[in-house]
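Just so we're aligned, residue 5 is where the sequence shown starts under the UniProt record's numbering, counting upward by one.
A virtual CB, placed ideally from N, CA and C, is assigned to each residue, including glycine.
Here the structure is a predicted model, which is why all the values come from computation and not from measurement.
To start, the structure itself, in structure tokens.
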Amino acid sequence: RKVRVKIPASTANLGPGFDTLGMALSLYAWIEMGEAEQTVFHLYGDEMKDVALDKSNLIYKVAQMVFDEAGVSVPELEISMHSEIPLTRGLGSSASAIIGGMVAANALIGSPLSNDRLFDMATALEKHPDNVGASLFGGIIAAAWDGSHADVIRIEPPKDLEVLVVIPEFELATSKAREALPSSVTVADAVYNVSRSSLLTGALACGRLDLIGAAMRDRLHQPYRAPLVPGMETVLAEATQHGALGIALSGAGPTLIAFVDRREPRKSELEAFLMETMRKHGIEARTRWLL
Ligand code: HSE
5 RKVRVKIPAS
15 TANLGPGFDT
25 LGMALSLYAW
35 IEMGEAEQTV
45 FHLYGDEMKD
55 VALDKSNLIY
65 KVAQMVFDEA
75 GVSVPELEIS
85 MHSEIPLTRG
95 LGSSASAIIG
105 GMVAANALIG
115 SPLSNDRLFD
125 MATALEKHPD
135 NVGASLFGGI
145 IAAAWDGSHA
155 DVIRIEPPKD
165 LEVLVVIPEF
175 ELATSKAREA
185 LPSSVTVADA
195 VYNVSRSSLL
205 TGALACGRLD
215 LIGAAMRDRL
225 HQPYRAPLVP
235 GMETVLAEAT
245 QHGALGIALS
255 GAGPTLIAFV
265 DRREPRKSEL
275 EAFLMETMRK
285 HGIEARTRWL
295 L
């Protein structure tokens with residue numbers, strides 16, 4: 005018996021919603037899993053080059069967590085994975101591997117665990133619920149994690165919302181981008197973010213694309229991460245003048261993500277502006293329209 009799952013990439017934070025908002029993106033990883041005599045891996049795609057091929061493999065490990073939790077034993081697995089999600093760029097590649105491994109393992113044994121249970125287990129591994137929530141539930145999610153349980157709500161993305169991702173050619177570890185953050189912030193900055201994150205969640209839920217520009221602003225993480233992504237400061241300050249509804253660092257970066265109205269006539273101008281600005285700062289990048 006074999007199962008196959010298709011898991012989306014994700015973007016986290018959406019600007020102000022640090023560690024709470026996430027959105028699934030139309031970029032995917034596929035995982036196939038079956039019982040085997042001896043554990044074996046088949047990896048396909050350029051993004052798979054550094055992935056471990058023994059039992060320290062992340063997908064193998066999360067599958068075993070699911071089996072343990074369900075009280076069954078499936079020690080040997082045949083795992084195939086194909087991914088088009090760039091690694092270490094802020095597009096949730098590790099979250100998609102965790103969710104893919106968990107969902108596949110759960111399906112392989114007849115789905116004894118609920119998605120809510122898988123979500124708690126995945127969040128405990130990632131330590132933030134935004135990427136795993138989006139990869140598991142799809143669409144846009146808002147989630148709150150208390151250290152052991154995460155509550156989540158899924159929002160259907162507005163039908164005219166499209167996103168443009170700018171993926172720099174360099175990698176940035178989430179741990180490094182988290183180390184750049186201060187351990188405390190002012191009440192003024194906290195209020196700034198709570199208000200914008202609330203406004204953004206409401207605007208996305210109600211399809212109010214006109215509010216995204218005002219809502220997609222942040223003082224909790226992006227100002228501190230900007231030095232790690234050359235060109236980011238200019239891009240964040242100016243992209244709305246070139247047709248973006250709003251723009252943010254995708255998760256911990258270095259990818260940037262612009263929200264765009266599908267009907268926007270200046271899409272190629274926006275793309276050119278983003279690429280040129282990054283290039284001026286010495287960064288090669290590629291763009292992709294998603295959602
Ligand atoms: N919310 C997390 C962060 C996402 O910004 O560090 C990491 O992918």
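Backbone CA spacing between residue i and residue j [nearest angstrom]
i    : j    : result
A181 : A256 : 6 Å
E237 : L294 : 23 Å
P186 : Y228 : 8 Å
K284 : M69  : 46 Å
G27  : V239 : Here residue 27 turns out to be Met, not Gly, going by the sequence shown. One C-alpha to the other measures close to 21 Å.
G151 : S272 : 43 Å
F45  : M220 : 41 Å
I171 : D155 : 30 Å
E41  : S84  : 15 Å
L97  : A262 : Just to set this straight, residue 97 is Ser in the shown sequence, not Leu. Rounded to the nearest angstrom, the two C-alpha atoms are 19 Å apart.
A33  : A99  : 11 Å
G142 : P12  : 7 Å
Proximity test, residue i beta-carbon vs the ligand HSE heavy atom, cut-off 7 Å
i    : result
F22  : yes
T238 : no
T205 : no
G151 : no
N17  : yes
A256 : yes
N197 : no
G137 : no
T178 : yes
D222 : no
R182 : yes
D193 : no
H46  : no
H246 : no
Bounding residues of the beta strand (DSSP E) (the contiguous stretch that carries residue i)
i    : result
K6   : K6 to A16
G26  : L25 to E39
R292 : A289 to L294
L253 : G250 to L253
D265 : L260 to D265
Status (buried if at least 16 other CB within 10 Å, exposed otherwise) for residue i
i    : result
G206 : exposed
T190 : exposed
D58  : exposed
Y64  : buried
Rounded Cβ spacing between residue i and residue j (contact assumed at less than 8 Å)
i    : j    : result
M112 : R8   : This sequence places Leu at residue 112; Met is not what is there. Wrong, their Cβ atoms sit about 10 Å apart, outside the cutoff.
E130 : I102 : 7 Å
Span of the alpha helix (DSSP H), counted from its first residue to its last, around residue i
i    : result
P20  : Where P20 is concerned, there is no enclosing alpha helix (DSSP H), given that its DSSP letter is neither H nor E.
P227 : Q226 to R229
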